[in-house]
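Asks: Just remember that our numbering sits 31 ahead of the position in the sequence shown, which is counted from 1. I'd like to ask you about the structure that follows.
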Amino acid sequence: MNTYVVAFLRAILAGVLTASALPFLFALVIVISSLTTGQPTQALATLYVLLIIVVSIAAVIASVSLFIGLPVSYVLRRLRRYSNQAHVGAGVVLGFISFPVCFAVIGDQDSDASLFLLYLYAALAGGVTADSWWRNTSDLIGSDLALI
């Protein structure tokens with residue numbers, strides 16, 4: 032498999048694991064509570080919901096990384112600004128604005144101020160994804176920068 036594809040998949044995995052950590056902890060508490068109180072159906076439903084959440088997170092991170100993150104990385108490379116700080120900064124900004132842009136596109140103008148925590152969490156996932164991409168491709172790109 033192409034090394035860039037492997038690097039992309041690793042970056043997506045890092046972002047998904049980061050973004051899924053908090054829902055996983057909530058689900059773990061609910062599953063343990065459900066099993067100790069004798070409600071296995073609630074535990075199973077919680078696991079299904081967690082699976083839906085993780086798949087949704089993976090779809091969002093993969094699509095934002097593919098359609099926005101990779102072109103930004105290419106622009107950084109062309110501008111000779113290919114650094115970890117530039118990638119993480121771009122990842123944090125893209126992660127932070129991904130949800131407000133989504134809400135604006137679907138026409139939801141009544142966004143709650145409590146969603147700000149969701150924006151910060153998405154910024155964290157974006158930064159981790161960008162950092163993983165840079166770490167996995169910096170050696171590959173380093174030799175190519177002389178060709179530009």
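Heads up, the beta-carbon is just placed ideally off N, CA and C, and yes, glycines get one too.
Taking all protein chains shown into account, decide if residue 135 is buried (16 or more other Cβ within 10 angstroms of its Cβ) or exposed.
Replies: Under this definition residue 135 is an exposed residue.
Asks: In whole angstroms, what is the alpha-carbon distance linking residue 152 and residue 166?
Replies: Cα to Cα, the separation comes out at about 21 Å.
Asks: For residue 163 versus residue 46, is the C-beta spacing smaller than 9 Å?
Replies: Contact flag set, yes.
Asks: Quick one: Cα of residue 107 to Cα of residue 121, how far?
Replies: Cα to Cα, the separation comes out at about 10 Å.
Asks: Whole angstroms are fine: how far does the CA of residue 62 sit from the CA of residue 73?
Replies: Taking the straight line joining both Cα atoms gives about 7 Å.
Asks: Is any heavy atom in the ligand NAD found nearer than 8 Å to the beta carbon of residue 157?
Replies: Summarising the ligand content, the structure contains no ligands, and the ligand NAD is consequently not present.
Asks: Determine the direct distance from the alpha carbon of residue 102 to that of residue 112, and round the result to whole angstroms.
Replies: In a straight line, the C-alpha of residue 112 is about 14 Å away from that of residue 102.
Asks: Answer yes or no: do residue 126 and residue 97 have a C-beta to C-beta separation smaller than 9 Å?
Replies: Their beta carbons are not under 9 Å apart, which means residue 126 does not touch residue 97 by this criterion.
Asks: Does DSSP classify residue 115 as helix, strand or coil?
Replies: The answer is helix: DSSP assigns residue 115 an H, G or I state.
Asks: What residue does the alpha helix (DSSP H) around residue 46 start on, and which one ends it?
Replies: Residue 46 -> alpha helix (DSSP H) spans 34 to 67.
Asks: How many angstroms separate the CA atom of residue 76 from the CA atom of residue 68?
Replies: For residue 76 and residue 68, the distance between alpha carbons rounds to 15 Å.
Asks: So, helix, strand or coil for residue 122, using DSSP?
Replies: Residue state, collapsed to three classes: helix.
Asks: Less than 9 Å between the beta carbons of residue 81 and residue 54, yes or no?
Replies: Yes.
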